[in-house]
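>
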Amino acid sequence: VELNPISKFLLFQGDIMMKPDNAKFVYASTRCDLLKIVAIENNSLKEIITLNTYFPKFKKESDDNIAILKENVNGFISLATTDNYIYALYSGRSEIQDSATHYFSQYIYVIDWNGKLIKKMILDKDAWQICIDEKSKRIYTIHYEMEEYDTTVQLLVYDDVL
1 VELNPISKFL
11 LFQGDIMMKP
21 DNAKFVYAST
31 RCDLLKIVAI
41 ENNSLKEIIT
51 LNTYFPKFKK
61 ESDDNIAILK
71 ENVNGFISLA
81 TTDNYIYALY
91 SGRSEIQDSA
101 THYFSQYIYV
111 IDWNGKLIKK
121 MILDKDAWQI
131 CIDEKSKRIY
141 TIHYEMEEYD
151 TTVQLLVYDD
161 VL
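If you read the sequence shown in the working numbering, its first letter stands for residue 1, the second for the next number, and so on.
What follows is the structure, given as structure tokens:
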């Protein structure tokens, strides 16, 4: 299917995070499980690894636009990095499965900078964003609950999990 550049951007939008020493970066897509690790060497980019098992589900509209299908399984919704690891909050949910929380997750994949899965962490509450403090061995997460006319935002802290 031929897509214009804006449609490609929308299909593969996501996050980019640098390794703290600025030698590598990770890109992760919000719309699928695409994760790419890239090294920066001599002002050039060198792909370390691309991990991907599925692509976004969409339909092409008549006016050269696209629509993400409700059955599309969301990918990585937040990233955090340390010198040793990438922490990727993975949704794995679709809007059809859970329209209210399909951009939330309890699953953090811990991946080394060569792309090896080190472990899968399961949080006790859905998170929307994550932050890592390697020194204190803490994970901070943002969670919010929506009621009819009110939204409650919570900062949760997980101690000694790294």
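Every residue gets a Cβ at the ideal spot worked out from N, C-alpha and C, and that includes glycine.
Just mark F9 as buried or exposed, buried being the case when its beta carbon has 16 or more other beta carbons within 10 Å.
Flag for F9 reads exposed.
> Using only the alpha-carbon positions, how far apart do L45 and M17 sit?
In a straight line, the C-alpha of L45 is about 15 Å away from that of M17.
> When DSSP labels each residue in this structure, what does F55 get in the three-state scheme?
Correct three-state label for F55: coil.
> Mark T151 as exposed unless 16 or more other C-beta atoms lie within 10 angstroms of its C-beta, in which case mark it buried.
Exposed, because fewer than 16 other Cβ atoms sit within 10 Å of the Cβ of T151.
> Work out the CA separation of Y87 and L117 for me, nearest whole Å.
Straight-line Cα distance between these residues: approximately 10 Å.
> Pull up the distance between the alpha-carbon of T141 and that of T101, whole angstroms please.
Roughly 15 Å between the two C-alpha positions.
> Taking just the CA atoms, how far does D98 sit from Y144?
One C-alpha to the other measures close to 15 Å.
> Per DSSP, C32 forms a beta bridge with which residues?
According to DSSP, which records beta bridges pairwise, C32 is partnered with nothing at all.
> How big is the Cα-Cα spacing for I122 and L79?
I122 and L79: Cα-Cα distance of roughly 15 Å.
> If you check the beta carbons only, do N72 and Y103 fall under 8 Å apart?
Contact flag unset, no.
> Expressed to the nearest angstrom, what Euclidean distance is found between the alpha-carbon atoms of D21 and A39?
Approximately 11 Å between the Cα atoms of the pair.
> Going straight from the alpha carbon of V161 to that of N4, what length do you get?
If I take the Cα positions, the gap works out to 43 Å.
> Could you tell me how far apart the beta carbons of G115 and I37 are, in whole angstroms, since I believe they sit closer than 8 Å?
Confirmed, about 6 Å.
> Should T81 be labelled buried (16 or more other beta-carbon atoms within 10 Å of its own) or exposed?
Its Cβ being crowded by 16 or more others within 10 Å, T81 is buried.
> On the premise that Y107 lies in contact with K119, defined as a C-beta separation below 8 Å, what is that separation, rounded to the nearest angstrom?
With 8 Å as the limit, K119 and Y107 do not qualify as a contact, their Cβ atoms being about 11 Å apart.
> Quick one: what does DSSP say I6 is sitting in, helix, strand or coil?
I6: helix per DSSP, three-state reduction.
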